[in-house]
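The numbering of the sequence shown is this note's numbering, which starts it at 38 and goes up by one. One structure is given here, and the rest of the page talks about it.
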Amino acid sequence: MSKERRTKKVYIAGKIGEDILSDSTRKKFAEAEAWLKAKGYKVFNPTQSGLGIMAENYAKACGTNFYEEILLLDIMQLKRCDIICLLPDWHESPGALAEFFFAKAIDKKIKQITMFENKIVDWI
């Protein structure tokens with residue numbers, strides 16, 4: 038594995054859509070994170086970012102809602118990544134759609150996870 042590949046940072050995008058993250062949501066993001074790390078990538082996992090408190094505070098201070106603030110914070114993290122990795126359900130999420138179009142607009146590499154029998158097999 039080349040040194041250049043190990044330094045690439047990947048942003049995971051997929052359906053979350055919950056005020057309180059469910060175990061199944063955490064699990065699908067964690068599985069993608071582990072798979073990507075095993076391939077030598079650095080990973081930004083939005084379900085493990087710790088940005089929720091900041092988004093909540095911004096929303097209270099600015100009179101906006103949590104969703105708007107967390108999406109903006111996540112997009113700032115996406116900007117710092119080299120690649121966006123789309124989970125299979127990404128198209129069902131307004132937030133992941135926004136992340137996809139932002140990544141496309143700023144010419145990020147876009148890859149999508151492929152699954153077989155509930156296991157990640159590749160990304161294309």
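Note that beta-carbon positions come from the ideal geometry of N, C-alpha and C, so glycine has one too.
Contact defined as beta carbons within less than 8 Å: I believe L123 pairs with G77. What is the distance between those atoms, to the nearest angstrom? L123 to G77, Cβ: 19 Å. No contact.
Work out the CA separation of D144 and K46 for me, nearest whole Å. Rounded to the nearest angstrom, the two C-alpha atoms are 15 Å apart.
When we look at the beta-carbon of D111 and count the other beta-carbons within 10 Å, is it buried (16 or more) or exposed? Buried, by the Cβ-count rule.
Y95, DSSP secondary structure in three states: Three-state DSSP puts Y95 in a helix.
Check this for me: beta carbons of T84 and R63, under 8 Å apart or not? Result yes, Cβ atoms of T84 and R63 sit closer than 8 Å.
From P131 to L108, what does the alpha carbon distance come to, in whole angstroms? Distance between the alpha carbons of P131 and L108: 10 Å.
Test item: CB-CB of G147 and I157 under 8 Å: Checking the sequence shown, residue 147 turns out to be Ile, not Gly. No, these two residues do not count as a Cβ contact at 8 Å.
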